[in-house]
Amino acid sequence: LLVNAILMEGRVHYDPFKDFAPVSNAAVLPMVVVTSPETRIASMQDLIVLAKAKPGELSYATSGNGGSTHLAGAMLENFTGTKMINVPFKGNGPALAEVMAGRVTFMFYPIVGIADQVSAKKLKVLAVGTPRPHADFPAVPTLEQSGLPGFEETAPWVGMLAPAGTPAATVNRLGEEMRKSLAKAETKERFRALGAVTVADTPAEFAAFLKKDYERWARVIQASGVKAE
Numbered sequence: 524l525l526v527n528a529i530l531m532e533g534r535v536h537y538d539p540f541k542d543f544a545p546v547s548n549a550a551v552l553p554m555v556v557v558t559s560p561e562t563r564i565a566s567m568q569d570l571i572v573l574a575k576a577k578p579g580e581l582s583y584a585t586s587g588n589g590g591s592t593h594l595a596g597a598m599l600e601n602f603t604g605t606k607m608i609n610v611p612f613k614g615n616g617p618a619l620a621e622v623m624a625g626r627v628t629f630m631f632y633p634i635v636g637i638a639d640q641v642s643a644k645k646l647k648v649l650a651v652g653t654p655r656p657h658a659d660f661p662a663v664p665t666l667e668q669s670g671l672p673g674f675e676e677t678a679p680w681v682g683m684l685a686p687a688g689t690p691a692a693t694v695n696r697l698g699e700e701m702r703k704s705l706a707k708a709e710t711k712e713r714f715r716a717l718g719a720v721t722v723a724d725t726p727a728e729f730a731a732f733l734k735k736d737y738e739r740w741a742r743v744i745q746a747s748g749v750k751a752e
């Protein structure tokens, strides 16, 4: 919604703020930073130090230009003052395969679906993009603990928006019902199985988040020159 409005300004037929009424951010889909054990990179600080020592040599795999994994990599470059190579693929699967093979240095990858590769020592998790250590990788530090505060907010989100002009009472009622559903243990477990973390914020909180998210990605895209495919 937001990134497309920035990347394809003038080509999308909606305004993310004028055309919608925020209801609630249901959940976020955290990412982890992974590399091959063959790289001998043991932490995010190792990665950053190496990237600074070898500008333009390290690479990160992405699921495609302009996608969430690309934006996370671009934000890492901007945040750390490093220059790395974006290697885009057609999807996360091919990208991850190249990281495991050691042909690409690292990538930001959705937190779900990599436990087997990690257990088999085909992948190493350098950091998790959650506010606190994740149950699947309890010994792995968060991005914030790794010296990258704010990176957990880069996770893709899944929210509910209503058409602009929807009565406030209706928006609030939708938000209340959504929060009730998301508070149920079974709902949380279903989201957790998908690698998602429930948020369930209010319309006002979601609106504030959308504004902040838009401004963040606009800065990253402008600074890095990210283009959509």
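Heads up: take any position in the sequence shown, counting from 1, add 523, and you land on the numbering used here. Yeah, the Cβ is synthetic: ideal placement off N, Cα and C, and Gly gets one too.
Run of the alpha helix (DSSP H) containing residue i, from where it starts to where it stops
i: Ser-547; result: Here Ser-547 belongs to no alpha helix (DSSP H); instead the beta strand (DSSP E) covers 543-551.
i: Thr-710; result: 708-716
i: Thr-603; result: 591-603
i: Val-572; result: 567-576
Backbone CA spacing between residue i and residue j [nearest angstrom]
i: Ala-706; j: Pro-661; result: 24 Å
i: Lys-606; j: Ala-549; result: 34 Å
i: Ala-638; j: Arg-626; result: 21 Å
i: Asn-601; j: Gln-745; result: 11 Å
i: Met-630; j: Gly-604; result: 17 Å
i: Gly-533; j: Ile-608; result: 28 Å
i: Met-598; j: Arg-655; result: 20 Å
i: Pro-672; j: Leu-573; result: 20 Å
i: Ser-669; j: Gly-688; result: 43 Å
i: Gly-748; j: Ala-658; result: 36 Å
i: Ser-591; j: Glu-709; result: 28 Å
i: Glu-561; j: Ala-584; result: 16 Å
i: Val-681; j: Ala-719; result: 9 Å
i: Asp-736; j: Pro-578; result: 28 Å
Backbone secondary structure at residue i - three-state DSSP
i: Thr-628; result: coil
i: Val-743; result: helix
i: Val-526; result: helix
i: Lys-647; result: strand
i: Thr-721; result: strand
i: Val-641; result: helix
i: Val-694; result: helix
i: Val-535; result: coil
i: Leu-733; result: helix
According to DSSP, residues forming a beta bridge with residue i
i: Tyr-583; result: Asn-609, Phe-629
i: Leu-684; result: Pro-545
i: Val-622; result: Paired residue(s): none; Val-622 is not in a bridge.
i: Val-663; result: Per DSSP, none; premise fails for Val-663.
i: Thr-689; result: Note: Thr-689 sits in no beta bridge, so no partner.
Integer-rounded CB distance, given that residue j should sit under 8 Å from residue i
i: Ala-741; j: Ser-547; result: 23 Å between Cβ atoms; not a contact.
i: Thr-725; j: Gly-698; result: 6 Å
i: Val-610; j: Ser-582; result: 5 Å
Limits of the unbroken beta strand (DSSP E) element including residue i
i: Val-555; result: 554-558
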